[in-house]
Amino acid sequence: MKLSARLVAVAAVLATAACAPQTSGTSSSDKDEKTGTLRVWLFQEVNNKPKERAVDSVLAAFEKAHEDTEVTVEYIPVETRAQRIKAAFNDPESAPDLIEYGNTDTAGYVKDGGLADISEEFAAWDEAKDTDPTARQSVTVDGKVYGAPYFVGVRALYYRTDVFDELGLDVPRTQAELISTAKEIRAARPGMYGIAVGGAYTYGAMPFIWAHGGELATGKAGSYASAIDSADARKGIEAYTSLFGDDNCPAAKCAGMGGNDTVTAFASGKAAMAIGGDFSHAAVDAGKVKGKYAVVPLPGVESGSIAPAFAGGNNLGVLKSTSHRTLAVDLMKRLASKEAQGELFDGMGFLPTFSDVRQQVAAKEPFVKPFVETLAADTKFVPASPAWAQIDSSLVLPTMFQEIVSGKKDVAAASQDAAKKMNEAFGSAG
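Residue numbers (numbering that gives the first Met the number 0): 0 to 429.
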């Protein structure tokens, strides 16, 4: 085992990677070598050392179990993942055997022909039965499995306990109460947002749409149609966009804010509430509000209900072009195992994709409880279509929200235009 060769430093992204040609399909390798070097690409985190330690523990056991086998890991920047992975699909000779990828990218990568169908291996994996349904959905396209869920992330409601106590406020139990409470705080504290919201915060807005019975799209792979302009979806859009204004979060300041901006506003003391992820905990604790906040599930429409949350996170996938399929699948399962996900949580705070392991970590760390409750209540996922990457990168939903909060269009017109753009993307994706 050559420990010195395990970690490959991240090189600068080649200029040509940004203009990599479109993938027309990646051929499966006819080799399945049982020795040699496996190349792995994982995402570089802000503080990567704890992740490296968790990964190295897995690699040590893997290399011990497979003689004459070595693993090299390259931690690649998340921001350039699309170019790097697209280029790898186009050049199998230099491609890795195993990659970490965002769970909304699954359908697009499958269409590109880059990921191997591992349905049989996943079905035979004992631990797979405890994978939560939404995480399983995130690796599934047209009934076939193209990876293993690595970790999951959801959002909940962060609120300032000191502000609520000083103003004599109760924690909101419905979205209507959330909206009225935010405006009450703004009135009492004009220099503070009641709740920080962002016109570019797609995943913070989605729970409002889902809670009102709306959907992003209907159908299934190959035949999706936008539902963002349905009556129920419009109710959710109206609820979310009602939070933009001088009585809560002024559109001039908040229309362009994304998720990180809203969490930063909360952490710095500029907002009494924010919708943040389990992955936001460390950033909030590093801010001015440490020790002065709590987290509860984001409320739904009915009192005591929990709004459906977007189940984000990352997966691990074996490339179709690998010449070490059996080894790559084994390494994937080891990295995504219950034990490894538990270590990843301990090091990075990433929530496990296994329901039983999540309950275990929630018992150890109280801050996890509201996120586990949110996952247990209901979660949603984006349409399993390669069109979603286009819809997301084209900022279709943020544009809709921003047109509404700026007064350029009403909810009906903006949602109708967004639905048209989404349907064009679904149609072009096939």
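No residue lacks a Cβ here, since even glycine has one placed at the ideal position from N, Cα and C.
Euclidean distance between Cα positions of residue i and residue j
i, j, result
"Ala266", "Thr36", "44 Å"
"Asp355", "Pro307", "20 Å"
"Glu78", "Ile98", "15 Å"
"Thr34", "Lys128", "30 Å"
"Ala81", "Met399", "25 Å"
"Ala413", "Ala224", "17 Å"
"Ser302", "Ala210", "12 Å"
"Val404", "Ala250", "6 Å"
"Asp116", "Asn314", "14 Å"
"Pro76", "Asn46", "12 Å"
"Pro171", "Lys337", "35 Å"
Residues bridged to residue i (per DSSP)
i, result
"Ser225", "Ala216"
"Ile436", "With the chain represented from 0 up to 429, any question about residue 436 goes unanswered, as that position is not in the structure."
"Gly35", "Thr68"
"Gly275", "Ala155"
"Ala308", "Thr378"
"Leu350", "Val151"
"Tyr292", "Arg159"
"Ala195", "Ala273"
"Phe243", "Cys248"
Cβ neighbours of residue i in the same chain (closer than 7 Å, five flanking residues each side left out)
i, result
"Gly346", "Pro49, Lys50, Arg52 and Ala53"
"Ala8", "Confidence is the limiting factor: at Ala8 the pLDDT is only 39, short of 50, which leaves the residue's position unreliable, though a coordinate-based value still follows. Result list for Ala8: empty, nothing under 7 Å."
"Leu242", "Ile178, Ala181, Ile194, Val196 and Cys248"
"Asp277", "Gly152, Val153, Gly348, Leu350, Val367 and Phe370"
"Ala327", "Leu37, Asp96, Leu97, Val317 and Thr321"
"Val395", "Ala417, Lys420 and Met421"
Neighbourhood of residue i by C-beta, 8 Å cutoff - its chain only, sequence neighbours within 5 removed
i, result
"Ser393", "Lys420 and Ala424"
"Pro20", "For Pro20, the predicted structure reports a pLDDT of 37, less than 50, and the residue's modelled location is therefore unreliable. A value from the coordinates is still provided. Closer than 8 Å at Cβ, skipping near neighbours: Asn89."
"Ala285", "Ala266"
"Ile305", "Pro296, Leu297, Pro298, Gly299, Glu372, Thr373, Ala376 and Asp377"
Same chain, Cβ closer than 6 Å to residue i, five either side skipped, listed in chain order
i, result
"Ala238", "Gln174 and Phe207"
"Val57", "Arg333, Leu334 and Ala339"
"Ala435", "The question about residue 435 has no answer, for the chain in this structure spans 0 to 429."
"Ile184", "Gly193 and Ala271"
"Asp377", "Pro307"
"Leu205", "Leu is not the amino acid found at residue 205; the sequence shown has Met there. Hits under 6 Å: Phe309."
"Glu32", "Ser322 and His323"
"Glu44", "Lys50"
Residue from the options whose Cα sits closest to the Cα of residue i
i, options, result
"Glu372", "Phe380, Gln358 and Val317", "Gln358"
"Cys248", "Asp277, Ala181 and Met331", "Ala181"
"Phe121", "Gly244, Lys143 and Gly341", "Lys143"
"Phe150", "Ala282, Gly341, Lys289 and Asp55", "Gly341"
"Asp141", "Lys289, Lys363, Lys110 and Ile305", "Lys110"
"Phe42", "Pro369, Glu62, Asp31 and Ile84", "Ile84"
"Glu92", "Ser427, Leu315 and Ser322", "Ser322"
"Ser229", "Arg38, Ala417, Val39 and Thr325", "Ala417"
"Gly311", "Gly244, Phe349 and Asp246", "Phe349"
"Lys408", "Thr240, Ile390, Glu44 and Gly146", "Thr240"
"Ala375", "Glu62, Pro132, Gly290 and Ala123", "Pro132"
"Pro382", "Ser222, Asp231, Gly244 and Gly268", "Ser222"
Item to check | Sufficient close CB pairs (3 or more, under 8 Å) joining the region 185 to 200 to the region 211 to 228 | outcome: no
Next on the checklist: With three or more C-beta pairs closer than 8 Å as the rule, is the region 296 to 310 touching the region 149 to 164?
Outcome noted: yes
Next on the checklist: Counting beta carbon pairs with one atom in the region 94 to 110 and one in the region 56 to 69, are three or more of them shorter than 8 Å?
Outcome noted: no
Checklist entry - Any chance the region 104 to 123 sits against the region 375 to 392, with 3 or more Cβ pairs inside 8 Å? => result yes
Next on the checklist: Pairs of beta-carbons, one from the region 269 to 280 and one from the region 183 to 193, closer than 8 Å: are there three or more?
Outcome noted: yes
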